[in-house]
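Undergrad:
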Amino acid sequence: QVQLVESGGGLVQAGGSLRLSCAASGSIGSGNPMGWYRQAPGKQRELVAVETGGYTNYADSVKGRFTISRDNAKKTVYLQMNSLKPEDTAVYYCNANKGAVGYWGQGTQVTVSS
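Each residue of the sequence shown is one higher than the one before, starting from 2 at the first, in our numbering.
(1) What residue does the beta strand (DSSP E) around Asp72 start on, and which one ends it?
(2) Buried or exposed: Glu7, going by 16 or more other Cβ atoms within 10 Å of its Cβ?
(3) Going straight from the alpha carbon of Val49 to that of Val102, what length do you get?
(4) Can you check which of these residues, Ser62, Lys86 and Tyr93, is closest to Tyr79 by C-alpha distance?
(5) For my contact list, Met82 and Arg71 are in at a C-beta cut-off of 8 Å; report their separation, rounded to the angstrom.
(6) Mind checking which residues open and close the beta strand (DSSP E) that includes Ser114?
(7) Is it right to say Asp61 is buried, meaning 16 or more other beta carbons lie within 10 angstroms of its own, or is it exposed?
(8) With a floor of 4 residues, list each alpha helix (DSSP H) that falls wholly inside the region 21-106, ordered by position along the chain.
(9) My guess is that Thr112 and Thr90 are in contact by the Cβ rule of under 8 Å, so how many angstroms apart are they, rounded?
(10) If Val3 sits next to Ser26, beta carbons under 8 Å apart, how far is it from one beta carbon to the other, in whole angstroms?
The structure is reproduced here in structure tokens:
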């Protein structure tokens, strides 16, 4: 069983920055994908960024602005978000996968004001 706890969301003006953190408890290794999804009101949940064994993948909408990183010793994944835009406003969810089983955090609200 894996539990994920996010932190770091909040309200920021357009152009600002936020850093999200997600700490995992339980057995999770560097070969297990960990990443971030987001869901805006009225929209489907979408992938933001994922990290697996040092490899990263980003949604086109955040490339060049967001950076995902991971501390395997702390079992923590981070999302550094720069140059935030109002359209980045959403609930951000941490995700981890072990085989066919996916785990989710409770979500953290990110609101970007114009």
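Glycine included, C-beta positions come from ideal geometry on N, C-alpha and C.
None of these values were measured; they are calculated from a predicted model.
TA: Reading off the structure:
(1) Run containing Asp72: Phe67 to Asp72, per the beta strand (DSSP E) assignment.
(2) buried
(3) 19 Å
(4) Tyr93
(5) So it is not a contact: roughly 16 Å between Cβ atoms.
(6) Thr109 to Ser114
(7) It is exposed - the Cβ of Asp61 has fewer than 16 other Cβ atoms within 10 Å.
(8) Entirely contained in the region 21-106, not one alpha helix (DSSP H) run reaches 4 residues.
(9) 5 Å
(10) 7 Å
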